[in-house]
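In the working numbering, the protein residues as written are 12 to 138.
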Amino acid sequence: MFLDGYAFERATAEVLKKHQFNPRVTPGSADGGIDIEVTRNGLKGVVQCKAHMLSVGPHVVRDLYGVIHHTRASFGIIVSRGGFTKGAVDFARDKPILFVDVSDLIAMQEGRDVLAAAFSGSSSAAS
């Protein structure tokens, strides 16, 4: 099923809501690199959604990392229909950035919290 960018963001927010996130989809045009603002376990996070089928590269991860620092968020999540390049994964290593791909979204829609480990018993996500 094809969803345009905003519909993909709204659908992602609904899935996150099912898993203890409090999401707020940001207005489209001037979102500052944030598609969804979330909180979970008292931690503030930012979410970037990529509805296209291209793999997300390191430039997107670098941009989100900058947004995390600029907004003083505790973590960031990149949701991608096209997956992630090795460069993206390598850049995110040891950073508070989580990746969610299509299979993760499907698992979450089915009730499995694939992000639970990042939030269990810690004061900082993805560490």
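In this text, a Cβ means the ideal position worked out from N, Cα and C, and glycines have one as well.
Assumed close pair residue i, residue j - CB separation to whole angstroms, cut-off 8 Å
i      : j      : result
Ile45  : Val57  : 5 Å
Thr23  : Ile47  : 7 Å
Ile89  : Phe110 : 6 Å
Val67  : Gly93  : 7 Å
Pro107 : Ser85  : 6 Å
Val100 : Gly87  : Wrong, their Cβ atoms sit about 14 Å apart, outside the cutoff.
Phe95  : Cys60  : About 13 Å separates the two Cβ atoms, so there is no contact after all.
Sequence-distant residues of its chain with Cβ nearer than 8 Å to residue i (five each side left out)
i      : result
Ala118 : Val125
Phe130 : Gln31, Arg51, Asn52, Leu54, Ala136
Beta-carbon proximity list for residue i, same chain, < 6 Å, skipping 5 on both sides
i      : result
Asp115 : Val125
Thr50  : Asn33
Ser134 : With a pLDDT of only 49 at Ser134, under 50, the local geometry of the prediction cannot be trusted, and no value is derived from it.
Delimiting residues of the alpha helix (DSSP H) encompassing residue i
i     : result
Thr23 : 16–28
Span of the beta strand (DSSP E) around residue i
i     : result
Pro34 : 33–36
Ile5  : Lying before the first or after the last residue shown, residue 5 is absent from the chain, which here runs from 12 to 138.
Contact set for residue i: own chain, Cβ-Cβ below 7 Å, skip 5 residues either direction
i      : result
Lys28  : Pro34
Asp15  : Ala62
Ser138 : Annotation note: pLDDT 45 at Ser138 (below 50); position unreliable, no value reported.
Practice problem: Mind listing, in chain order, the continuous beta strand (DSSP E) runs of no fewer than 3 residues lying wholly within the segment 54–133? | Solution: 54–61, 86–91, 108–111
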